[in-house]
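Scroll down for the structure; my scribbles are underneath it.
Residue numbers (this note's numbering): 4 to 300.
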């Protein structure tokens, strides 16, 4: 019987885009560390750039403790509304909170090679951010269209890298590692839609301010719609972006296949459901075991 166990475990880790589903990245990293894989390089997009950056800074445990304790009301408190701008949320409050938790770090000072992917939508090209302030790179990479305002960087407005490359494998091409492992958050749905709580699960009595913010923002475009219709319009736009990322992910993975791809279904949780950290972290760990477990047996 062929022995599949590998002896060399230095890896390039590619962490994809997908909102709160990206908390599964934490579970994947735990599995890799527990099985003695050495993460030598990280390429991340959107939530992948955040989780990867925090890990590279040596603060993943602190971040995990923080995100596991988050409630819906806590999420709302982190949203600084940006009225009449190119997005609903400025993002300063979130980034400042994370900087206090992790530290104001330069990418060059990280112990792991790190690249965050953002999109220069005007010039229709990816921007690879591998130097400068870590949280500038993260802020640019997480700039989900409509939700976050674009991030101004060196005179260019940058948005979420998932617009162009939700699973950024290309930055790892020059890595001198044994394996490239990608985590795809846009895998086909494997749970019936009726079983999934929509992003509007965030909207409860304790977060009415968030509801009003979204509705007021969208009403500047469609002032004759009802409040529910306004939320529906935002939800449809979010689902459309998710579907687009899923399609691009399939194309990228087919064109530049990693050694292994760990798949997280794109309806595993809503984009903004960061209060489901426990569930997503467990899912990431289990999917890593399902995909890679044969390598260590």
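Beta carbons are placed, not taken as given, at the ideal position from N, Cα and C, and that holds for glycine.
Beta bridge pairing from DSSP links residue 265 with 186. About 23 Å separates the beta carbon of residue 284 from that of residue 94, a gap too long to meet the 8 Å contact definition. Under the three-state reduction of DSSP output, residue 114 falls in the coil class, being neither helix nor strand. Going by beta carbons, residue 269 and residue 190 fall inside the 8 Å limit. In the structure shown, the three-state DSSP call for residue 101 is helix. By a beta-carbon distance limit of 8 Å, residue 119 contacts residue 132. Their separation comes to about 4 Å. A buried status is given to residue 245, since no fewer than 16 other beta-carbon atoms sit within 10 Å of its beta-carbon. Taking C-beta separations shorter than 6 Å and ignoring five residues to either side along the sequence, the partners of residue 40 in its chain run 12, 14, following chain order. Comparing C-alpha distances from residue 294 to each of 185, 103, 165 shows the shortest one belongs to 185. If you draw a straight line from the Cα of residue 124 to the Cα of residue 62, it comes to about 31 Å. Non-local C-beta neighbours of residue 97 in its own chain, meaning closer than 7 Å and more than five positions away in sequence, comprise 81, ordered along the chain.
Within the DSSP secondary-structure output, residue 156 pairs in a beta bridge with 159. For residue 129, no alpha helix (DSSP H) segment is defined; the enclosing uninterrupted segment is the beta strand (DSSP E) at 128–132. Here residue 276 is buried, its C-beta having at least 16 other C-beta atoms within 10 Å. Contact between residue 34 and residue 282 is absent: CB atoms are separated by about 16 Å, not below the 8 Å threshold. Of all C-beta pairs linking the stretch 157–165 to the stretch 176–183, fewer than three are shorter than 8 Å, placing the two stretches out of contact.
In the three-state reduction of the DSSP assignment, residue 255 falls in the helix class. With fewer than 16 other Cβ atoms from the protein chains shown falling within 10 Å of its own Cβ, residue 260 counts as exposed.
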